[in-house]
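See structure below.
In my numbering, the protein residues as written are 27 to 187.
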């Protein structure tokens with residue numbers, strides 16, 4: 027019986043490990059590519075100004091946050107959101123992972139400072155800025171039942187204000 031319990035525990039640990047890494051987003055470390063997350067806020071701001079697009083900053087804990095993983099799974103897992111984002115927002119990911127190797131050393135202290143500057147109280151928090159990279163338009167959060175389509179609609183309403 028003890029051996030079966032150990033086997034079950036091992037299987038659960040492996041499953042949880044795979045689940046936690048399966049939804050970790052993949053973000054560019056330098057530069058901007060439309061419709062993809064980048065960690066390079068400077069390049070994103072330049073791109074936003076040049077293309078007159080708002081900036082969507084996702085504050086996340088990609089490898090530990092339940093709600094972040096839920097949003098990855100329900101909103102950011104397919105092409106619908108990213109196809110829309112290509113022409114409508116510049117995507118920036120500010121990550122606070124347990125595995126520090128996911129964020130370049132040069133961005134780690136900057137991320138903490140941005141979290142403080144924007145008074146982020148929890149993750150995920152989605153902050154929308156005007157193309158100047160300074161003026162806040164508004165914020166959104168996670169929620170059960172959100173889909174790519176419903177989240178896009180929330181963003182559209184926010185950006186119309």
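Glycine residues also receive a C-beta, built at the ideal position from the N, C-alpha and C atoms. Quantities reported herein were computed from a predicted structural model and do not represent experimental measurements.
Could you name the residues of the same chain whose beta carbon sits closer than 7 Å to that of residue i, not counting the 5 residues immediately before and after it, in chain order?
i           : result
residue 140 : 120
residue 146 : 85
residue 180 : 166
Using the Cβ count rule (16 or more neighbours within 10 Å means buried), how would you classify residue i?
i           : result
residue 176 : exposed
residue 137 : buried
residue 76  : exposed
residue 18  : Only positions 27 to 187 of the chain appear in this structure, which leaves residue 18 out of reach.
residue 128 : buried
residue 86  : buried
residue 71  : buried
Looking only at its chain, what residues have a beta carbon closer than 8 Å to the beta carbon of residue i, apart from the 5 residues adjacent to it on each side?
i           : result
residue 104 : 174
residue 47  : Residue placement at residue 47 is flagged as unreliable, the pLDDT there being 37, under the threshold of 50; a coordinate-derived value is accordingly withheld.
residue 168 : 93, 94, 96, 97 and 150
residue 54  : 62, 63, 64, 65 and 66
residue 124 : 87, 89 and 90
Only counting the same chain, and skipping five residues up and downstream in sequence, which positions put a Cβ closer than 6 Å to that of residue i?
i           : result
residue 61  : 108, 111 and 112
residue 69  : 57 and 58
residue 164 : 154 and 184
residue 133 : 65
What are the boundary residues of the alpha helix (DSSP H) that residue i is part of?
i           : result
residue 141 : 131-143
residue 100 : 92-100
residue 109 : 106-114
residue 177 : 174-186
Let me check one thing: in DSSP terms, what residues is residue i bridge-paired to?
i           : result
residue 78  : Beta-bridge pairing links residue 78 to no other residue.
residue 54  : 64
residue 86  : 121
residue 165 : 153
Can you tell me where the beta strand (DSSP E) holding residue i begins and where it ends?
i           : result
residue 151 : 151-155
residue 59  : That residue, residue 59, is in no beta strand (DSSP E); it is neither H nor E in DSSP.
Give a yes or no on whether 8 Å exceeds the smallest Cβ distance from residue i to chain B.
i          : result
residue 62 : Protein chain content of the structure displayed is limited to a single chain, and chain B is not contained in it.
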